[in-house]
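Participant:
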Amino acid sequence: MLTSSEVAAKYKISNRQVNDLLTYGYLNVAQVLRHEKRGVALLFSESELERLDIPSLLAEIRAKKGPAKIRNPMEFKKLLKAFNYHDRFMEDVEHYPESEILKTCFYLFHLNHYAKTYPESSKDLYSLKSRVLKKMYQEHRGVLKASYLLGPDRQRIWLCEDCKEASRAAGMSYNKYIQNESYCPKCDVQILEREYYSLVEFYLKVGDYRFVFHTPRSLAAGWMKDMQELPQGTRKADRYQDKMYLYGRPISNIEEKAFPLAMLKEKLIEYLDQVADE
Ligand SMILES: [Zn+2]
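Counting with my numbering, you get residues 303 to 580 for the letters of the sequence shown.
#1: Anything with a beta carbon under 7 Å from a heavy atom of ligand 2 counts; list them all in chain order.
#2: Check I315 in the structure and name its three-state DSSP category.
#3: Hey, quick one: how far does the beta strand (DSSP E) through S449 stretch, first residue to last?
#4: Would you mind listing the alpha helix (DSSP H) stretches within the stretch 443-504 that are 4+ residues and don't spill past its ends, in chain order?
#5: Can you grab the Cα-Cα spacing for the pair W460 / E350, in whole Å?
#6: Under the DSSP definition of a beta bridge, which residues are partnered with Y511?
#7: In chain order, what residues of the same chain lie with their CB nearer than 8 Å to the CB of L360, ignoring the 5 residues before and after it?
#8: Which word fits I480, buried or exposed, when buried means at least 16 other C-beta atoms lie within 10 angstroms of its C-beta?
#9: Is the Cβ-Cβ distance between R496 and D455 less than 8 Å?
#10: State the Cα-Cα distance for the pair L566 and P357, rounded to the nearest angstrom.
#11: Per DSSP, which residues does P518 bridge with? Please list them.
#12: Rounded to the nearest angstrom, what separates E362 and E467 at their Cα positions?
#13: Looking only at its own chain, which residues have a Cβ that is under 6 Å from the Cβ of H412, when we skip the five neighbours before and after it?
#14: Flag this pair as touching only if the stretch 443-458 and the stretch 499-508 have three or more C-beta atom pairs under 8 Å; answer yes or no.
#15: Could you check the C-alpha separation between L570 and D490 for me, to the nearest Å?
#16: Going by C-alpha distance, which of Y313, M438 and S432 is nearest L354?
#17: Using the rule of at least 16 other Cβ atoms within 10 Å of the residue's Cβ for burial, across every protein chain shown, is V577 buried or exposed?
#18: Name, in chain order, the residues that DSSP records as bridge partners for A343.
#19: With DSSP run on the structure shown, which of helix, strand or coil describes K567?
#20: Using only the alpha-carbon positions, how far apart do K383 and C407 sit?
#21: If you compare alpha carbons, which of V502, C462, D528 and G535 is closest to D544?
#22: Is the beta carbon of Y428 less than 8 Å from the beta carbon of A417?
#23: Name the DSSP beta bridge partners of T305, please?
#24: Among the residues of its own chain, which have a CB less than 8 Å from the CB of K371, if the five just before and after it don't count?
#25: For a quick check, are the C-beta atoms of L345 and M303 less than 8 Å apart?
#26: Just confirm the distance between the C-beta atoms of K431 and N414, as a whole number of angstroms; I'd bet it's less than 8 Å.
#27: Is the distance from the Cβ of R458 to the Cβ of Q492 below 8 Å?
#28: If you compare alpha carbons, which of L381, G453 and P487 is closest to C462?
#29: Whole angstroms is fine: what's the gap from R373's alpha carbon to V514's?
As structure tokens, this is what we get:
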């Protein structure tokens, strides 16, 4: 493990460049060392560093940053702020009887971010997410609440001749025309899967903390026995993202990036392995 300054010395780059590699997502924090008074030291894995082509990554970052005036030297500060949030969060929730589920929600929220960012591992991560939601829901009924959001069917549409003509006249592709829901009752609609876009929403509010998680109906159907009895809502738009609120405000992108995936997985698997204490 190397500290930020050790990485800089070893690869003959500046500390700022190490921070850039981190904030642009090319380098992951392998471990976080916490000092007594809330300070943190970030540690990086030597084997991960050896796999990186640092000069070309730095060139990529320079290209992404564009002209110097829009560079953002605040990024690293924000990252440190995120670590401090983590510490405050963990300290604060200690006092709640729901501290375990709150911590688990914290890790789960960040895991979800990785699942969205890395399609190649998203299947595994979403499956882990589903197992954690199941355990939390079954063991903390009153704390984690669920509702059922009714979504549209997955369907395939063949435009009728009139609609094809109308779409051409509008200079629109058939797909675009269908997306705009401009098709008519004469068009042929085949339902591929009913309620494909339905979701189960999980919601938790304890003190100042709020978490919202979503899972596709099909994933929850495997273990949720009372799905039909849940309060129902309608899924209105596409933007059903998981949310976490710290001190009443949603957390920022940079905060989402601050926690290493390996740590999150470890914590969540640890939680899954626990036997319910009742
Ligand atoms: Zn039509």
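Just so you know, even glycine gets a beta-carbon here, dropped at the ideal spot from N, CA and C.
Facilitator: Let me spell this out:
#1: What this structure holds is ligand 1, not ligand 2.
#2: coil
#3: K447 to L452
#4: 463-471 and 476-481
#5: 50 Å
#6: DSSP lists V508 as partners of Y511.
#7: Around L360: I315, Q319, D322 and L323.
#8: buried
#9: yes
#10: 30 Å
#11: L501
#12: 46 Å
#13: F561 and L566
#14: yes
#15: 46 Å
#16: Y313
#17: exposed
#18: L335
#19: In the structure shown, K567 sits in a helix (DSSP, three-state: H, G or I).
#20: 20 Å
#21: V502
#22: Going by C-beta atoms, Y428 is nearer than 8 Å to A417.
#23: L345
#24: Caution applies to K371, whose pLDDT of 42 falls short of 50 and renders its modelled position unreliable; the value that the coordinates give is listed next. Hits under 8 Å: none found.
#25: Cβ atoms of L345 and M303: closer than 8 Å.
#26: For K431 against N414, the beta-carbon gap comes to about 6 Å, under 8 Å, which counts as contact.
#27: yes
#28: P487
#29: Note that R373 scores a pLDDT of 45, beneath 50, so its modelled location is shaky and nothing firm can be said.
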